[in-house]
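Residue numbers (my numbering): 40 to 175. Ideal placement from N, C-alpha and C gives every residue a C-beta, glycine not left out. Keep in mind it's a predicted model, so treat the numbers as computed, not measured. Have a look at the structure below, then the notes.
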Amino acid sequence: MSQVDIIDRVTSLFDEWGVKYSVTEDNVVLSGWEVGGGEYTVVIRAADQWLWMRANIAQLSDFPEGLRAELLAELLRTHSKMNEVKYELTDDGTIGTSQEIPVEGFNPHIFQAEFGALILAIEYFVERIAPKYLGE
Numbered sequence: 040m041s042q043v044d045i046i047d048r049v050t051s052l053f054d055e056w057g058v059k060y061s062v063t064e065d066n067v068v069l070s071g072w073e074v075g076g077g078e079y080t081v082v083i084r085a086a087d088q089w090l091w092m093r094a095n096i097a098q099l100s101d102f103p104e105g106l107r108a109e110l111l112a113e114l115l116r117t118h119s120k121m122n123e124v125k126y127e128l129t130d131d132g133t134i135g136t137s138q139e140i141p142v143e144g145f146n147p148h149i150f151q152a153e154f155g156a157l158i159l160a161i162e163y164f165v166e167r168i169a170p171k172y173l174g175e
């Protein structure tokens, strides 16, 4: 299946599910989500026989310096306790979440589970984790 074909399948599923999205000139799917008053964009692209999905959630620098190690430890614990919920930290200090699906294993059920895990990771971070460290 080509990269264009897999993106066409993603957008067809989004159309079927009523998910709002846009597609860039580079054939990247962007889907915006509002969670806890913030807006988050899920980026979906096909490359190297994989479907990659990612969303930035927060900047580590937004959290008090003295609590960052504890926050990162909680992200690791959550990563191991919650099926499919995965957090990551980029070199520039961005906390994000991602999922990958091999193109040859793509089907609507797997895509729905992996995409849903991204949204769950954002919601869990915004509603349960961040408030502990931001004093909200």
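Helix, strand or coil at residue i according to DSSP, with G and I counted as helix
i           : result
residue 127 : strand
residue 49  : helix
residue 100 : helix
residue 151 : helix
residue 138 : strand
residue 105 : helix
residue 77  : strand
residue 145 : coil
residue 44  : helix
residue 54  : helix
Among the options, nearest to residue i - alpha-carbon criterion
i           : options            : result
residue 83  : 63, 113, 97, 77    : 63
residue 122 : 152, 142, 130, 143 : 152
residue 68  : 87, 109, 155, 53   : 53
residue 156 : 85, 109, 125, 168  : 125
residue 193 : 79, 74, 87         : The structure shown does not extend to residue 193, since the chain spans only 40 to 175, so no value can be given for it.
residue 79  : 132, 105, 159      : 159
residue 70  : 138, 132, 93       : 93
residue 128 : 96, 41, 154, 150   : 96
residue 47  : 90, 72, 77, 81     : 90
residue 161 : 43, 174, 144, 138  : 138
residue 85  : 136, 66, 170       : 66
Which residues DSSP lists as bridging residue i, in chain order
i           : result
residue 69  : 61, 82
residue 133 : 98
residue 93  : 82, 137
Distance between residue j and residue i (C-alpha atoms, nearest Å)
i           : j           : result
residue 147 : residue 98  : 32 Å
residue 56  : residue 115 : 31 Å
residue 59  : residue 108 : 36 Å
residue 87  : residue 131 : 24 Å
residue 103 : residue 172 : 7 Å
residue 174 : residue 43  : 45 Å
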